[in-house]
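Heads up: the sequence lines are chains V and Z, in that order.
In terms of the working numbering, the first sequence is residues 1 to 227.
In terms of the working numbering, the second sequence is residues 1 to 227.
The structure appears below as structure tokens.
There are 2 protein chains.
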Amino acid sequence: MSGQDRGLDTDERIYRTIFDGIMQQRLTPGTKLPEIALCELFSVSRSVVRRVLQRLAHDHVVDLRPNRGATIATPSAQETREIFEARRAIEAAIVRLATRNATADDFLALRRQLEDEHEAMHRFEQPAWARLASAFHLRIAKLARNPILEAYLKEIASRCSLIVALYEPWGNASCEHAEHEEIVACMEAGDAEGAARLMEAHLQALENNISLRPSDPQKTLKQRLGL
Amino acid sequence: MSGQDRGLDTDERIYRTIFDGIMQQRLTPGTKLPEIALCELFSVSRSVVRRVLQRLAHDHVVDLRPNRGATIATPSAQETREIFEARRAIEAAIVRLATRNATADDFLALRRQLEDEHEAMHRFEQPAWARLASAFHLRIAKLARNPILEAYLKEIASRCSLIVALYEPWGNASCEHAEHEEIVACMEAGDAEGAARLMEAHLQALENNISLRPSDPQKTLKQRLGL
DNA sequence: ATATGCCAGATTGTTTACAATCCAGCGTGC
DNA sequence: GCACGCTGGATTGTAAACAATCTGGCATAT
């Protein structure tokens, strides 16, 4: 037992490691993921590596082309537009449902998280802030009480993060905290349509903030996986 | 060459055969899909069968449980509710986009398809009608010009079909033709919100039409795959 | 000098063999 | 008679061997 067995099964462990590596910008778009290298890093055979890669491919965070292996996905400008448009549509719908279904307790927890976010922002803790800001969106998705839409948002939000990683290497493009507060206020007031419109505007602002320009490479795969 | 090679690669052929088998209610929910049986039926090794099964699992049309193989998915009543809710949300968003982006030619093609549908209905050609009615929804998704939302609708619509297969063995629950026409009329008039509301009502009617009661089993796997 | 063709190493795709797990049927003991 | 546990066949999970394909460098010809 080599100390990395924490109750997650093997597949999940490998998936998460690679996925997190992408989300934290250690694995940048275009990076190649050779099967044998992953086999050695995770001490498994190619069957399981291939299965995980296929799953990552289905989630659109890696490209899987026949006979030439897996690479971290590199969304084009066109795709970027489509992804953000789809996200606005889905997340607006989610906000409407969440406004209908959230309880008083839900709003309490939501406000508490907003304060954490606020604090992290004022302390200039960029990584923590980004993480919390992203969690805000996923938390609202939970309040909608629809696991299917929640899964769709998770998938599409990860693709957005990939895009931000591609086009904003230093991580400037984060959520505006004030806008989060306005959205929650609208929701608490029971104004579903208003909250949906605010959310769409919020995501539109996020999209407008990313400027289309790639980033830089080079480091060992092991380092970039955080191992 | 045994006459089933039509330019599709092997994976796609197997995927389609199983998927179509499910959509046409030859493979009913709960049916087990043993790997070896599929290997022999399609003359491939277990690797490719396993890959295809994983893809079907990701699309939520089959359940894949560790150490106990693949079975056709059997959505619960709860899931049914969630799936239809998600579909209303996504398809309403799609209709709004489609109303904005459709050209005059698009509407022409749409109307032509509506006539085919109308005709098939009046001739009591239930299978053709059901196929056309389903195609109507996918065609609108194309008009939205967003491949991501289109893919989501495809996935969720197939889950709806599975539910209908589960709870309406004789296939009564189909789309009302008149409602399709109203939706198109609204779209042509440029009334995105109206069209969205009509679409939601249309899908709600579809959901209300399905009564929750399972169906019957037994026949060989080969027959049920149409081979 | 550039372009073309070819060969060797590397990488992926497929098949097969082996190990682990599950499940149904049977027997034993209470 | 019923519950429990065992055992053998069947089925899935994993790993390793083999085949096919791609990539990059070198030689050759124009």
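Backbone N, C-alpha and C fix where the C-beta goes; we use that ideal spot for every residue, glycine too.
Just so it is clear, the structure is predicted and the values come from calculations on it, not from any experiment.
Exercise. For T71 (chain Z) versus D63 (chain Z), is the C-beta spacing smaller than 8 Å?
Worked result: Against a cut-off of 8 Å, the Cβ pair of D63 (chain Z) and T71 (chain Z) comes out as a contact.
Problem set entry | Within the stretch 106-172 of chain Z, ranges of the alpha helix (DSSP H) (whole runs, at least 4 residues) | 126-143 and 147-167
Exercise. Taking 8 Å as the CB-CB cut-off, is P127 (chain V) touching chain Z?
Worked result: no
For this session: Inspect the beta-carbon positions of G30 (chain Z) and T80 (chain Z) and report whether they are closer than 8 Å.
Result: no
Exercise. Who are the Cβ neighbours of L149 (chain Z) in its own chain at under 6 Å, not counting the five residues just before and after it?
Worked result: I94
Exercise. So who's on the other strand from A201 (chain V), going by DSSP bridges?
Worked result: In DSSP, A201 (chain V) forms no bridge with anything.
For this session: Give the residues from the stretch 64-87 of chain V that approach chain Z closer than 7 Å (Cβ to any Cβ), ordered along the chain.
Result: So the list reads E82, I83, E85 and A86, given in the order they occur along the chain.
For this session: Would you mind telling me which residues of chain Z sit closer than 9 Å to A93 (chain V), beta carbon to beta carbon, in chain order?
Result: Here the neighbours are A86, R88, A89, I90, A92 and A93.
For this session: Using a cut-off of 9 Å between C-beta atoms, extract the partners of Q54 (chain V) located in chain Z.
Result: R51, Q54, R55 and H58
For this session: Closer than 7 Å by beta-carbon distance: list the chain V residues that pair up with Y152 (chain Z), in chain order.
Result: Correct list: Y152.
Problem set entry | Members of the stretch 133-165 of chain V near chain Z, C-beta cut-off 8 Å | With the criterion set as a beta carbon lying under 8 Å from some beta carbon of chain Z, the members of the stretch 133-165 of chain V are N146, P147, I148, L149, Y152 and I156, in sequence order.
For this session: Tell whether a beta-carbon distance below 8 Å holds between L162 (chain V) and V61 (chain V).
Result: Contact annotation: L162 (chain V) and V61 (chain V) have beta-carbon atoms nearer than 8 Å.
Exercise. Which residue's Cα is closest to the Cα of A146 (chain V): V:L97, V:L41, V:A109 and V:R111?
Worked result: As written in the sequence, residue 146 (chain V) is Asn, which differs from the Ala given in the question. It is V:L97 whose Cα lies nearest to the Cα of N146 (chain V).
Exercise. Any heavy atom of the ligand NAD closer than 7 Å to the CB of A120 (chain Z)?
Worked result: Annotation note on the ligand NAD: not contained in the displayed structure, which lists no ligands.
Exercise. Using the beta-carbon count (16 or more within 10 Å), is G21 (chain V) buried or exposed?
Worked result: buried
Exercise. In its own chain, which residues sit with a C-beta less than 7 Å from the C-beta of R51 (chain V), not counting the 5 before and 5 after it?
Worked result: So the list reads D11, once near-sequence residues are dropped.
For this session: Spatial neighbours of A192 (chain Z) within its chain, please: CB distance less than 6 Å, with the 5 preceding and 5 following residues excluded, ordered by chain position.
Result: Cβ within range, chain order: R96 and T99.
Exercise. For T31 (chain V), which of helix, strand or coil comes out of DSSP?
Worked result: coil
Exercise. So, does the CB of C175 (chain Z) fall closer than 8 Å to a CB anywhere in chain V?
Worked result: no
Exercise. Run through DSSP, which three-state label would I18 (chain Z) get?
Worked result: helix
Exercise. I210 (chain Z) and I156 (chain Z): beta carbons closer than 8 Å?
Worked result: no
Exercise. Between the beta-carbon of L110 (chain Z) and the beta-carbon of E181 (chain Z), is there less than 8 Å?
Worked result: no
Exercise. Which term fits R16 (chain V), buried or exposed, when burial requires 16 or more other beta carbons within 10 angstroms of its beta carbon?
Worked result: exposed
For this session: Please report how far the alpha carbon of Q126 (chain V) lies from the alpha carbon of L132 (chain V), in whole angstroms.
Result: So the alpha carbons of these two residues sit roughly 10 Å apart.
Problem set entry | DSSP beta-bridge partners of T80 (chain V) | According to DSSP, T80 (chain V) bridges with nothing at all.
Problem set entry | Same chain, Cβ closer than 6 Å to C175 (chain Z), five either side skipped, listed in chain order | These residues qualify, in order along the chain: A133.
Exercise. Cβ of A102 (chain V) within 8 Å of Cβ of M23 (chain V)?
Worked result: no
For this session: Determine, using beta carbons only, whether L203 (chain Z) and E91 (chain Z) come nearer to each other than 8 Å.
Result: Going by C-beta atoms, L203 (chain Z) is nearer than 8 Å to E91 (chain Z).
Problem set entry | Which residues DSSP lists as bridging T71 (chain Z), in chain order | Z:K32 and Z:D63
Exercise. Using DSSP with H/G/I as helix, E/B as strand and the rest coil, what is D216 (chain Z)?
Worked result: Because the pLDDT of D216 (chain Z) is 45, which lies under 50, any placement of that residue in the model is unreliable, and the number read from its coordinates should be weighed accordingly. Coil.
For this session: Check S43 (chain V) in the structure and name its three-state DSSP category.
Result: In the three-state scheme derived from DSSP, where H, G and I count as helix and E and B as strand, S43 (chain V) is classed as coil.
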